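K.L.:
To start, I am sharing the structure in question, which I have written as structure tokens.
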Amino acid sequence: MPPHNAAPWYREPWPWILMAGPLIVVIAGIITAWLAIVSNDGLVTEDYYRKGLAVNQTLASSERARAMGLTAGLTLTAESATVRLSARAGRSFVPPASLRVTLSHPTRAGLDQVAVLMREGERYAGKLHLPASGHWLLLIENEEAESWRLMGSVVLPFSGEVVVGVLGGESPADIRN
7 MPPHNAAPWY REPWPWILMA GPLIVVIAGI ITAWLAIVSN DGLVTEDYYR KGLAVNQTLA
67 SSERARAMGL TAGLTLTAES ATVRLSARAG RSFVPPASLR VTLSHPTRAG LDQVAVLMRE
127 GERYAGKLHL PASGHWLLLI ENEEAESWRL MGSVVLPFSG EVVVGVLGGE SPADIRN
């Protein structure tokens, strides 16, 4: 019988290759668990039930703006925002003393911004820091009565005026009740 010069098992590549798959899965699971514990989930709301019940009120506010024929033009600079608000001719509309403008990021609620714009002649003006570039949801509403609201979207950076309302086209889905 010839001498047997077999290497020990740990010197063979196949056992290590077969063990690498489960080891990689365990390491990936540990990293995933760590990320889930450490990072903030900005998409989860704690009062989802109340927000669900408020959907009809939200839709009614948007419908009131549509019935009045409201249109708003938003102009953003690095430090300020101006809104030009107009109603369809023949509609009884009293411009409010102030507007609330909300810029909401679809996935990162921590970047959302709210500004109150005061009426200055035919326009509303106020301070609003230009947020990060990307897609943003825009909400303009009567600050005092919350009787109507206009919704739109904007991709930043942009130059010019963003029009929302009757003439501004379709509103995005309302994820921020």
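With this note's numbering applied, the sequence shown covers 7 to 183.
Ideal Cβ positions, reconstructed from N, Cα and C, are used throughout, including at glycine.
Small disclaimer: the values here were computed from a predicted structure and weren't measured.
1. Could you tell me the boundaries of the alpha helix (DSSP H) in which Gly116 lies?
2. Under 7 Å Cβ to Cβ from Pro21, same chain only, skipping five residues before and after it: list those, please.
3. Could you check the C-alpha separation between Glu69 and Gly27 for me, to the nearest Å?
4. Expressed to the nearest angstrom, what Euclidean distance is found between the alpha-carbon atoms of Leu144 and Leu109?
5. In angstroms, rounded to a whole number, what distance separates the CA positions of Ala87 and Ala131?
6. Ignore the nearest five residues each way along the sequence and tell me which others in Trp139's own chain have a CB closer than 7 Å to its CB.
7. Report the rounded CA-to-CA distance for Phe99 versus Val169, giving the unit in angstroms.
8. Skipping 5 residues on each side, what residues in its chain have a beta carbon closer than 6 Å to that of Ile181?
9. I'd like the ranges of any beta strand (DSSP E) spanning at least 3 consecutive residues and lying wholly in the region 79-159.
10. Tell me the rounded alpha-carbon separation between Trp142 and Ile37.
11. Check this for me: beta carbons of Arg129 and Arg90, under 7 Å apart or not?
12. In whole angstroms, what is the alpha-carbon distance linking Val31 and Met25?
13. Shortest alpha-carbon distance to Gly127 belongs to which of Pro102, Ser165, Ala95?
14. Looking at the unbroken alpha helix (DSSP H) that takes in Gly35, where does it start and where does it end?
15. List the DSSP bridge partners of Thr77.
16. Alpha carbon to alpha carbon, what distance is there between Asp53 and Lys133?
P.N.:
This is what the structure holds:
1. For this step, residue 116 is matched to residue 110 along the sequence shown. Where Gly116 is concerned, there is no enclosing alpha helix (DSSP H), given that its DSSP letter is neither H nor E.
2. Against the sequence shown, residue 21 aligns to sequence position 15. Counting only Cβ-Cβ distances below 7 Å, and skipping sequence neighbours, we find Trp15.
3. Position 63 of the sequence shown, counted from the start, is the residue given in the question as residue 69. Position 21 of the sequence shown, counted from the start, is the residue given in the question as residue 27. Looking at the two C-alpha atoms, the distance is approximately 56 Å.
4. For the purposes of this step, residue 144 is identified with residue 138 of the sequence shown, where counting begins at 1. For the purposes of this step, residue 109 is identified with residue 103 of the sequence shown, where counting begins at 1. When rounded, the distance between both Cα atoms is 5 Å.
5. As a working mapping, residue 87 is identified with position 81 in the sequence shown. As a working mapping, residue 131 is identified with position 125 in the sequence shown. Near 6 Å, if we compare the C-alpha coordinates of Ala131 and Ala87.
6. Here the question's residue 139 lines up with position 133 in the sequence shown. The sequence shown places Ser at residue 139, rather than the Trp named in the question. Result list for Ser139: Leu162, Pro163, in chain order.
7. Residue numbering aside, residue 99 sits at position 93 when the sequence shown is read from its first letter. Residue numbering aside, residue 169 sits at position 163 when the sequence shown is read from its first letter. Looking at the two C-alpha atoms, the distance is approximately 19 Å.
8. Residue 181 sits at position 175 when you count from the first residue of the sequence shown. With a pLDDT of 39 at Ile181, under the threshold of 50, the modelled position of this residue cannot be trusted; read the value that follows with caution. None.
9. 86-92, 104-110, 119-126, 129-133, 140-148
10. Counted from its first residue, the sequence shown places residue 142 at position 136. Counted from its first residue, the sequence shown places residue 37 at position 31. Taking the straight line joining both Cα atoms gives about 31 Å.
11. Position 123 of the sequence shown, counted from the first residue, corresponds to residue 129. Position 84 of the sequence shown, counted from the first residue, corresponds to residue 90. Yes. Within cutoff.
12. Counting from 1 along the sequence shown, the entry for residue 31 is found at position 25. Counting from 1 along the sequence shown, the entry for residue 25 is found at position 19. C-alpha separation (whole angstroms): 10 Å.
13. Reading the sequence shown from its first residue, position 121 is the one you call residue 127. Gly127 has its Cα closest to that of Pro102, out of Pro102, Ser165, Ala95.
14. Counted from its first residue, the sequence shown places residue 35 at position 29. Per DSSP, Gly35 belongs to the alpha helix (DSSP H) from 19-44.
15. Here residue 77 is taken as the residue at index 71 of the sequence shown, counted from 1. Residue pairing by DSSP places Thr77 opposite Ser92, Gly171 in a beta bridge.
16. What you label residue 133 is simply residue 127 of the sequence shown in a count that begins at 1. What you label residue 53 is simply residue 47 of the sequence shown in a count that begins at 1. Cα-Cα distance, rounded: 30 Å.
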